[in-house]
Structures are given as structure tokens and as C-alpha cells.
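Have a look at the structure below, then the notes.
Number of protein chains: 2
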Amino acid sequence: MSSTKLNTREKILKTTWALLEANPDKPVRMSDIAKAAGISRQALYLHFPARSDLLVATARYLDEVNQVDRRLAASRKAATGIGRLDAFIEAWGNYIPEIYGMAKAFWAQQSSDEAVATAWNDRMQAVRHGCAAAIKALKEDGALTPEHPPKQATDILWMMLSVRNWEQLTVECGWSQKRYITTMKKLARQTLVN
Amino acid sequence: MSSTKLNTREKILKTTWALLEANPDKPVRMSDIAKAAGISRQALYLHFPARSDLLVATARYLDEVNQVDRRLAASRKAATGIGRLDAFIEAWGNYIPEIYGMAKAFWAQQSSDEAVATAWNDRMQAVRHGCAAAIKALKEDGALTPEHPPKQATDILWMMLSVRNWEQLTVECGWSQKRYITTMKKLARQTLVN
DNA sequence: GTGTCAACTTTACACCGTGTCAAGCAAAGG
DNA sequence: CCTTTGCTTGACACGGTGTAAAGTTGACAC
Chain A
15 MSSTKLNTRE KILKTTWALL EANPDKPVRM SDIAKAAGIS RQALYLHFPA RSDLLVATAR
75 YLDEVNQVDR RLAASRKAAT GIGRLDAFIE AWGNYIPEIY GMAKAFWAQQ SSDEAVATAW
135 NDRMQAVRHG CAAAIKALKE DGALTPEHPP KQATDILWMM LSVRNWEQLT VECGWSQKRY
195 ITTMKKLARQ TLVN
Chain B
15 MSSTKLNTRE KILKTTWALL EANPDKPVRM SDIAKAAGIS RQALYLHFPA RSDLLVATAR
75 YLDEVNQVDR RLAASRKAAT GIGRLDAFIE AWGNYIPEIY GMAKAFWAQQ SSDEAVATAW
135 NDRMQAVRHG CAAAIKALKE DGALTPEHPP KQATDILWMM LSVRNWEQLT VECGWSQKRY
195 ITTMKKLARQ TLVN
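Chains as they are written, first to last, in our numbering: chain A, 15 to 208; chain B, 15 to 208.
Shown next, in the form of C-alpha cells:
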């Protein structure tokens with residue numbers, strides 16, 4: 015069988031993610047992975063030159079499992095107006111909570127290698143891109159009014175707290191972050207039932 | 015001088031944070047810290063039995079620097095209504111962005127020790143507590159209407175994305191997370207200018 | 001002065017996880 | 001039968017953490 019190597023590689027990736035998922039708090043050692051996959055530690059290095067390569071490959075492997083390409087495509091070619099929002103929720107709704115779990119597990123791996131961080135940033139960026147595209151599309155549909163409407167103070171607080179995590183999304187949506195927060199503060203004062 | 019040891023300890027903590035801040039992407043080694051502080055590596059272990067202890071101590075040290083206690087107190091005993099929001103913004107406004115930078119630097123240290131993770135979780139929790147208290151207080155003041163008002167789709171998307179990060183806050187504010195998202199989706203459909 | 005104690009120094013080393021090197025082995029396929 | 005492929009075992013170098021032991025310096029007590 016010439017596909018033995020491919021099978022082993024697949025098995026390694028599967029096992030790696032299984033271990034990461036099972037221990038989202040502790041770094042998983044190469045020897046642990048080898049043992050769980052039923053192969054020698056050296057065979058691991060035969061397939062992946064370094065631990066960081068294995069981690070990056072596992073991240074890519076998860077893209078397939080989670081059909082990220084399909085989601086990206088789906089959220090791009092969605093209908094208009096309310097249909098767009100439905101499509102967006104359908105495409106990303108269950109993936110967004112999951113990707114946080116994955117990020118946590120990879121974070122715990124403590125790889126100092128930049129490739130691992132980059133690979134993961136790319137994945138988070140894909141989600142942000144998807145969200146930004148959806149918002150933009152809704153805006154173009156006229157489903158959103160261009161000005162910020164009055165908001166409740168809770169909303170403003172939520173946004174102040176979340177804007178840091180999603181600063182890239184803010185930029186992609188064409189909102190200046192600083193100005194955004196300032197506006198939020200101002201609106202908070204205006205809209206409070208004082 | 016009997017305060018030599020205290021001075022050295024202070025110097026170590028200061029140096030450690032300086033190095034963390036300077037390299038928020040790379041783990042800082044004990045030898046690096048010792049060198050920067052102008053002492054031997056062993057002196058470090060004399061003050062802090064392990065690297066994780068030093069990291070935890072540095073986190074606590076930052077609490078003092080950032081006057082977290084004062085902020086917590088200030089956001090608790092604030093005025094009512096609009097004054098509360100002002101007090102909240104004054105107390106936490108500049109700290110919240112900063113704490114993300116700190117978290118990043120500590121995250122990069124790749125300490126597998128649970129104490130470090132716990133220490134940092136506690137700090138993030140303190141911020142969440144502060145926010146939750148402010149929101150609750152505003153609610154009690156009657157500054158917020160009890161029902162969710164109509165929202166723009168952007169708001170809902172923001173919240174859907176941020177709710178994961180701040181699930182604890184959701185709980186503390188007495189909101190069920192699942193129900194929150196469901197409500198958000200429903201409101202999104204209702205309020206879209208379709 | 002002498003002695004003592006505390007803070008720190010230097011040197012050396014054990015441990016652990018990553019990554020490497022070398023030699024061997026079993027099975028598929030010409 | 002012989003070669004190639006995909007693995008095996010065993011040994012080891014390296015770097016960073018943490019430990020152990022003996023030596024040095026300076027402040028203060030008597």
C-alpha cells in the first residue's frame with residue numbers, strides 16, 4: 015500500500031486534535047501524541063519536521079473538518095436583506111463558538127514558534143472577514159441606517175469591552191476605533207433614561 | 015539597611031514587567047531578567063522559588079501600579095444615573111485597553127503553571143465584576159429599561175461575537191447566554207429595515 | 001578590632017522536552 | 001532475491017528550569 019504514509023499522517027492529525035481537545039489547558043508533548051497514535055516518537059518527526067509544523071498542520075486539518083471554505087463561500091453569495099442575515103447566521107453561527115474552543119487549546123500548546131501564531135491569526139481573521147463582509151452587505155442592502163441610532167447603555171458597555179477584541183473588524187467595516195468609542199460614550203449619555 | 019532585600023524584590027518585579035512589556039511576543043528567560051536587573055540568576059531564585067512565582071508576583075505588582083483597588087472602589091461607590099456611567103468610564107476606561115496588552119504579554123510567557131493562569135483569570139474577572147456591578151447599578155437606578163429595545167443588526171452581530179468572551183459577565187448580569195443569543199437573533203429579524 | 005548574619009556570588013549539575021543521528025527491520029513490489 | 005518505503009530502537013546534543021554547595025561582601029553588635 016502506498017497510502018500507508020497518508021493514512022498515518024491523517025491518523026497523527028486526528029490523534030493530535032483529539033489530545034488537544036481533551037487537554038485544552040496543558041501542552042501536549044510529542045511523546046504523548048506518538049503514544050496515542052500508536053507510533054514511535056521518531057515517526058512523528060518523519061512526518062512533521064518540528065512540533066510547530068504538526069500544530070500548523072492540525073489547524074489546517076481542522077479547516078477541512080469544519081468546512082471553513084464552504085462557510086466563507088456561503089456567507090459571500092447569500093441573498094439580500096434579511097436573507098443575508100439568515101445566511102450569515104447559518105454559515106457562522108455554530109462555528110464561531112467552536113473556534114474559540116480551538117483557539118484556547120492551541121493557545122495552551124505554548125509554541126513559541128511564530129508560524130503557529132500566524133496560522134491561528136489567519137483563521138481568526140477569516141472569521142472576522144466573514145463577519146465584516148456580512149455587515150457590509152447588509153449596509154449596502156440598505157438594511158442598516160447609516161447613522162448610529164440611540165442605544166441603551168448596556169449596548170455601549172458591551173461594545174466598549176468587545177471593540178478591543180475585534181479591532182480589525184472595526185477597521186474592515188470602515189469604523190475608526192477611537193472615534194467609535196468616543197461616539198459610544200456620547201451616545202450613552204444622550205440615551206440614558208436619566 | 016534591612017530593606018535591601020525589599021529593594022531588590024521591587025527592582026526584580028519592575029525589571030520583569032519592563033521586559034515583558036518590551037517583548038510581548040516572546041517568552042522572557044530567567045537569565046534575561048537577572049541580567050537586566052543586574053543580579054545573578056540564583057538571586058532570582060532566592061526571591062522567587064520558581065518562574066511561575068515571579069510571574070504571579072509581577073501580575074500582583076501591576077495591580078498596585080494600575081490602582082485596581084481604587085478603580086474597583088470608585089466604580090462601586092459612584093453616584094446614581096448618568097453619574098454612575100461617568101464614574102464607571104473614569105474608573106475603567108483607560109485600564110480596560112491596557113489590561114489586554116498585559117494579558118498578551120503574560121500569555122506569551124508560556125508558563126504551564128496553573129497558578130499563572132489563575133492569577134490572570136482573577137484579574138480579568140475583577141474587570142468583569144466591575145463592569146457587571148456598573149450595569150447592575152444602572153439598572154437599579156432605572157437608567158435602563160428592563161426589556162431589550164429594538165437594535166440595529168450591527169449591534170446584534172457585535173454582541174453575538176463578543177458574548178463568548180464575556181460569558182461570565184453575561185451570567186453576572188443575570189442573563190442566560192443561550193437565551194441572550196436567541197433573543198438577539200429574533201430582534202435582528204424584527205428590527206432590520208427590510 | 002572580632003564575630004556573625006544576611007544578601008548575594010560563582011561554579012557545577014540534574015532534569016525534562018525538543019530535535020538529530022545511526023543502524024536495523026519488516027513488508028510490498030519489481 | 002533485492003530494493004525501497006515506512007517504520008523501529010537506542011543514543012545523544014542542546015537549551016531552559018531549578019538545585020546544591022562553597023565562597024564573598026558589607027552592615028551591625030559587642
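Quick reminder that beta carbons are idealized off the backbone N, C-alpha and C, glycines included.
Annotated three-state conformation of I53 of chain A is coil, per DSSP. By the neighbour-count criterion, in which a residue is buried when 16 or more other Cβ atoms sit within 10 angstroms of its Cβ, Q123 of chain B is buried.
Residue contact check for K40 of chain B against chain A: a CB pair falls below 8 Å.
Between the alpha carbons of F102 of chain A and T94 of chain A lies a distance of about 11 Å.
With a 10 Å radius around the Cβ and a threshold of 16 neighbouring Cβ atoms, R65 of chain B comes out buried. In terms of Cα proximity to I26 of chain B, the closest of B:P38, B:P41, B:F62, B:K40 is B:F62. Look at N21 of chain A here: in three-state DSSP terms it is helix. Looking from the CA of I113 of chain A, the closest CA among A:R137, A:G52, A:A131 belongs to A:R137. Scanning chain B for C-beta atoms nearer than 7 Å to the C-beta of Q56 of chain A yields nothing, as the closest lies near 24 Å away. Residues of chain B whose Cβ lies closer than 7 Å to the Cβ of Q124 of chain A are, in chain order, Q124, S126. Distance from the Cα of M116 of chain B is smallest, within the candidate group B:W134, B:S125, B:A105, for B:W134. When rounded, the separation of the alpha-carbon atoms in P38 of chain B and L58 of chain B is 21 Å. A151 of chain A and V79 of chain A have their C-alpha atoms some 27 Å from each other.
The continuous alpha helix (DSSP H) containing D67 of chain A extends over residues 65–79.
Counting only the Cα atoms, L86 of chain B lies some 25 Å from L68 of chain B.
Residue nearest to A73 of chain A within the set A:D155, A:G144, A:E154, A:A129 is A:A129 (criterion: CA-CA distance).
Just measuring C-alpha positions, the residue of B:A36, B:D83, B:T22 sitting nearest L60 of chain B is B:T22. A Cβ-Cβ distance of about 6 Å is found for the pair G144 of chain A and W106 of chain A, placing them in contact under the 8 Å criterion. Judged by DSSP in its simplified three-state form, Q139 of chain A adopts helix. For V82 of chain A, the enclosing alpha helix (DSSP H) covers residues 82–90. In the structure shown, D39 of chain A adopts coil according to DSSP, grouped into three states. Contact between L34 of chain B and A119 of chain B holds, with the beta-carbon distance rounding to 4 Å and staying under 8 Å. About 6 Å separates the CB atoms of R98 of chain B and D155 of chain B; that is less than 8 Å, so the two are in contact. Secondary structure of A151 of chain B (DSSP, three-state): helix. Excluding the 5 residues flanking it on each side, S54 of chain B has same chain C-beta neighbours closer than 7 Å at A48, in chain order. By the Cβ-count criterion, T18 of chain A is exposed, with fewer than 16 other Cβ atoms from all chains shown falling within 10 Å of its own Cβ. Linking D83 of chain B to Y109 of chain B through their CA atoms gives a straight-line distance of about 12 Å. Rounded to whole angstroms, D46 of chain B and S126 of chain B show a C-alpha spacing of 19 Å. Close CB contacts of L76 of chain A within its chain, under the 7 Å cut and outside five residues either way in sequence, are with W31, M116 (chain order). By the criterion of a C-beta distance shorter than 7 Å, M44 of chain A is surrounded in its chain by R55, L58, R65, once the five residues flanking it on both sides are discounted.
Between the alpha carbons of A36 of chain B and A50 of chain A lies a distance of about 39 Å.
Its chain contains I47, A50, A51 as the residues whose beta carbon lies nearer than 8 Å to that of T29 of chain B, once the 5 sequence neighbours on both sides are disregarded; these appear in chain order.
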